[in-house]
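Numbering (my numbering), first residue to last: 1 to 316.
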């Protein structure tokens, strides 16, 4: 049986009175793009630093392709490409000089280094700046140099911490396409605050809050868990208070809350019990009360809704 590309078991990291990671367990399968989400201070960066051998855990284990990151550190790092959120580069080197230097450090044979540098430069759209000093590059270009560094060793696993930070919209699109292309042959652990990016790229999502895993699932399944089949939105014109009371008294309706008011219309969110479809009852009620009904539909939760609900619940 093939070992997971990444596996943690009860991974814990404590700093004196602070617990950054609390018995964190998750797996990333070979060829999978896994989103790694959490609020600031949730423990994402700590977990990634342990996986890359930059930190030691207080307890628990982390493995890369079945190899322990502590006892077999060199072997695991050979399999990894890592793009940290804050990239450390050498500003006095030119882009191609830096990448050649990094290729040498990563053990790329001398006769392959020139080709590897060219390949990484092309994949990360750095051709226009390959002979420029890194210190004179924009933040977006420096970000791409960091990604090229992560790719130059042909790793089987990429760990990317906020890979599109500082990029312009065109560069963000290019980087997303590159990540999607890399994901065809490479396992990727992707940490980002841009939730639409996760929905576009990731097969599954791990959500961490206050050092603990609160959910691991596909984006679609996470949305279904929040929405189920019992969330609806209703936009109508009528007496707002009376409408809210009447809607809340319908059989099967568990909760009604106002979302917005504009132009005489009020938008309500409804939650129904046990997956009950209450749209027909709402329509009849609107006819009976002479409301002008502008919208009546099942509500689709976004990944942002799921993220906020799960991380808020954990904080509370």
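For glycine and all other residues, C-beta sits at the position ideal for the given N, C-alpha and C.
Count the other C-beta atoms from every protein chain shown that fall within 10 angstroms of the C-beta of residue i, then say buried if there are 16 or more, exposed otherwise.
| i | result |
| --- | --- |
| residue 261 | exposed |
| residue 120 | buried |
| residue 175 | buried |
| residue 76 | buried |
| residue 69 | buried |
| residue 286 | buried |
| residue 144 | buried |
| residue 91 | exposed |
| residue 207 | buried |
| residue 105 | exposed |
| residue 161 | buried |
| residue 150 | buried |
Spatial neighbours of residue i within its chain, please: C-beta separation below 6 Å, excluding the five flanking residues on both sides.
| i | result |
| --- | --- |
| residue 300 | none |
| residue 124 | 144, 147, 148 |
| residue 67 | 75, 76 |
| residue 128 | none |
I'd like to check one pair, residue j with residue i: are the Cβ atoms closer than 7 Å?
| i | j | result |
| --- | --- | --- |
| residue 235 | residue 255 | no |
| residue 81 | residue 189 | no |
| residue 5 | residue 187 | yes |
| residue 19 | residue 62 | no |
| residue 65 | residue 3 | yes |
| residue 317 | residue 211 | Outside the modelled stretch of the chain, which goes from 1 to 316, sits residue 317, for which no answer is possible. |
| residue 33 | residue 146 | no |
| residue 156 | residue 79 | yes |
| residue 134 | residue 89 | yes |
| residue 296 | residue 282 | yes |
Apart from the five residues just before and just after residue i, which ones in its own chain have a Cβ nearer than 7 Å to its Cβ?
| i | result |
| --- | --- |
| residue 116 | 103, 108, 152 |
| residue 198 | 35, 37, 192, 205, 219, 303 |
| residue 73 | 53 |
| residue 57 | 11, 12, 13, 50 |
| residue 289 | 238, 246 |
| residue 180 | 201 |
| residue 132 | 94, 95 |
| residue 194 | 164 |
Near residue i, which residues of its chain fall below 8 Å by C-beta distance, leaving aside the five closest residues on each side in sequence?
| i | result |
| --- | --- |
| residue 223 | 300, 301, 302, 303, 305, 306 |
| residue 240 | 258, 261, 266 |
| residue 55 | 13, 46, 49 |
| residue 268 | 233, 234, 235, 236, 243, 244, 247, 256, 257, 258, 259 |
| residue 294 | 235, 236, 237, 265 |
| residue 203 | 32, 33, 34, 218 |
| residue 273 | 230, 252, 253, 254 |
Which residue wins for smallest C-alpha separation from residue i, given the options the options?
| i | options | result |
| --- | --- | --- |
| residue 44 | 187, 30, 213 | 213 |
| residue 95 | 48, 122, 61 | 122 |
| residue 284 | 251, 263, 264, 269 | 251 |
| residue 100 | 112, 231, 249 | 112 |
| residue 130 | 97, 71, 161, 1 | 97 |
| residue 154 | 185, 180, 71, 135 | 185 |
| residue 173 | 160, 150, 161, 200 | 200 |
| residue 29 | 308, 1, 17 | 1 |
| residue 317 | 71, 59, 126, 225 | Here the chain comprises residues numbered 1 to 316, so residue 317 is not present and cannot be evaluated. |
| residue 298 | 273, 60, 231 | 231 |
Between residue i and the ligand GTP, is there a pair consisting of the residue's CB and a ligand heavy atom that are separated by less than 6 Å?
| i | result |
| --- | --- |
| residue 41 | Because no ligand of any kind appears in the structure shown, any question about the ligand GTP cannot be addressed here. |
Taking contact to mean at least 3 C-beta pairs separated by less than 8 Å, is the region 158-166 in contact with the region 132-144?
yes
Any chance the region 209-219 sits against the region 276-283, with 3 or more Cβ pairs inside 8 Å?
no
Is the region 84-94 close to the region 21-31, with three or more CB pairs under 8 Å?
no
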